[in-house]
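A quick write-up on the structure given underneath.
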Amino acid sequence: MTYHTLLTQVEDGVGLIALNRPEALNALSDQLTRELSHAVETMEADTNVGAIVLTGSDKAFAAGADIKEIKDKTFIDVFSEQFITANWERIASARKPTIAAVSGHAVGGGCELAMMCDIIVAAESARFALPETMIGIIPGAGGTQRLTRVVGKALAMDMILTGRALTANEAREAGLVARVVADGAQVDTALDMAARIARSSRPIVMIAKEAINKAYETHLAEGIHLERRLLYATFATEDRQEGMNAFSEKRKPNFKHR
Ligand code: CO8
Numbered sequence: 014m015t016y017h018t019l020l021t022q023v024e025d026g027v028g029l030i031a032l033n034r035p036e037a038l039n040a041l042s043d044q045l046t047r048e049l050s051h052a053v054e055t056m057e058a059d060t061n062v063g064a065i066v067l068t069g070s071d072k073a074f075a076a077g078a079d080i081k082e083i084k085d086k087t088f089i090d091v092f093s094e095q096f097i098t099a100n101w102e103r104i105a106s107a108r109k110p111t112i113a114a115v116s117g118h119a120v121g122g123g124c125e126l127a128m129m130c131d132i133i134v135a136a137e138s139a140r141f142a143l144p145e146t147m148i149g150i151i152p153g154a155g156g157t158q159r160l161t162r163v164v165g166k167a168l169a170m171d172m173i174l175t176g177r178a179l180t181a182n183e184a185r186e187a188g189l190v191a192r193v194v195a196d197g198a199q200v201d202t203a204l205d206m207a208a209r210i211a212r213s214s215r216p217i218v219m220i221a222k223e224a225i226n227k228a229y230e231t232h233l234a235e236g237i238h239l240e241r242r243l244l245y246a247t248f249a250t251e252d253r254q255e256g257m258n259a260f261s262e263k264r265k266p267n268f269k270h271r
């Protein structure tokens with residue numbers, strides 16, 4: 014498939030997807046979200062890809078839903094086409110690790126898209142905001158839920174009700190962002206992290222991601238129980254044996270991803 018709103022590459026075990034609608038600050042049009050969904054699906058199926066980096070431009074990760082495109086939609090339009098659900102969320106269900114490399118505006122659906130990724134790396138210039146109430150809607154791509162779980166009720170209320178943007182450093186202090194780097198370094202940092210992840214056993218990394226995500230969806234005892242079951246399951250993999258053999262033999266592991 015030829016993409017018109019994305020640039021993609023696969024290198025060093027890492028898939029890179031760059032949103033590319035500079036004329037609209039990467040606003041998430043129907044075409045862009047369909048192409049993004051397809052690109053994620055393709056990288057999920059590509060055995061050469063061990064981790065996925067999603068980025069935008071220096072000026073904007075993404076400025077949210079394409080307001081011009083959705084402004085005349087009716088209830089029945091968004092309900093019938095399952096707006097958001099149909100195409101926006103493929104990255105949130107990726108089994109491979111995903112890293113958002115954010116610079117500039119991560120606003121509305123753009124902020125929500127970053128929050129669908131497992132890790133956010135932010136340039137100092139990055140700004141995170143959910144200002145949807147200012148245009149008469151509410152965050153609708155997981156913002157009220159994912160932000161609140163990560164930063165807590167007080168800050169989520171502050172951001173969503175007033176629309177104020179968090180700086181990269183505020184977002185890191187609040188737990189939304191894993192690393193803040195100098196402007197321009199966000200993509201290389203994310204690619205380095207992703208390449209490091211991709212060098213590990215793919216199934217083991219996917220199992221670790223599944224276990225962490227479960228922490229948001231269950232109570233502690235059940236989460237610990239699942240963790241223990243998944244840990245035991247790692248002992249059924251060839252890569253677990255290879256990892257421990259390599260450590261004992263003081264050499265680098267040669268993972269076969271099985
Ligand atoms: N949609 C469409 N076009 C956009 C968007 C957008 N979200 N954001 C920017 N653009 C366009 C501008 O219209 C402008 O185009 P033109 O040059 O043709 O006028 C171009 O991009 C550059 O934008 P600005 O001139 O505004 O750039 P600034 O640097 O001055 O400002 C901002 C940057 C602050 C990011 C500003 O563009 C802005 O406020 N954008 C809108 C941000 C916003 O409100 N996003 C939330 C959208 S709603 C959403 O994402 C919720 C998802 C769930 C929806 C559920 C619906 C059922």
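Residue numbers (my numbering): 14 to 271. No residue lacks a Cβ here, since even glycine has one placed at the ideal position from N, Cα and C. Keep in mind the model is a prediction, meaning the values are calculated, not measured.
The DSSP assignment places 192-194 as complete runs of the beta strand (DSSP E) inside the stretch 185-227, in order along the chain (cut-off: 3 residues). For LEU38, the secondary structure class from DSSP, reduced to helix, strand or coil, is coil. In the pairwise beta carbon analysis, the stretch 150-162 is classified as touching the stretch 172-179: at least three pairs are separated by under 8 Å. The Cβ atoms of GLN199 and SER116 lie closer than 8 Å to each other. Rounded to the nearest angstrom, the gap between the Cα atoms of VAL91 and MET257 is 52 Å. Taking the Cβ of ASP79 as the reference point, at least one heavy atom of the ligand CO8 falls within a distance shorter than 7 Å.
Residue pairing for VAL23: DSSP places it in a beta bridge opposite GLY28. For VAL62, DSSP assigns no beta-bridge partner whatsoever. In this structure, the alpha-carbon of SER214 lies about 7 Å from that of LYS269.
Taking C-beta separations shorter than 8 Å and ignoring five residues to either side along the sequence, the partners of GLN44 in its chain run HIS17 and THR18, following chain order. In this structure, the beta-carbon distance from GLY121 to GLU145 falls below 8 Å.
Between the alpha carbons of VAL134 and LEU67 lies a gap of roughly 10 Å. From the listed residues MET219, ARG177, SER93 and ALA246, the smallest Cα separation to SER106 is found for MET219. Within the stretch 228-269, the runs of alpha helix (DSSP H) that reach at least 4 residues and sit entirely inside it are, in chain order, 233-247 and 251-261. The beta-carbon separation of VAL53 and ALA207, rounded to 14 Å, does not stay under the 8 Å limit for a contact. With 16 or more other Cβ atoms inside 10 Å of its own Cβ, LYS109 counts as buried. Pairing ILE217 with THR247 gives a Cβ-Cβ distance under 8 Å.
For ARG177, the three-state secondary structure derived from DSSP is coil.
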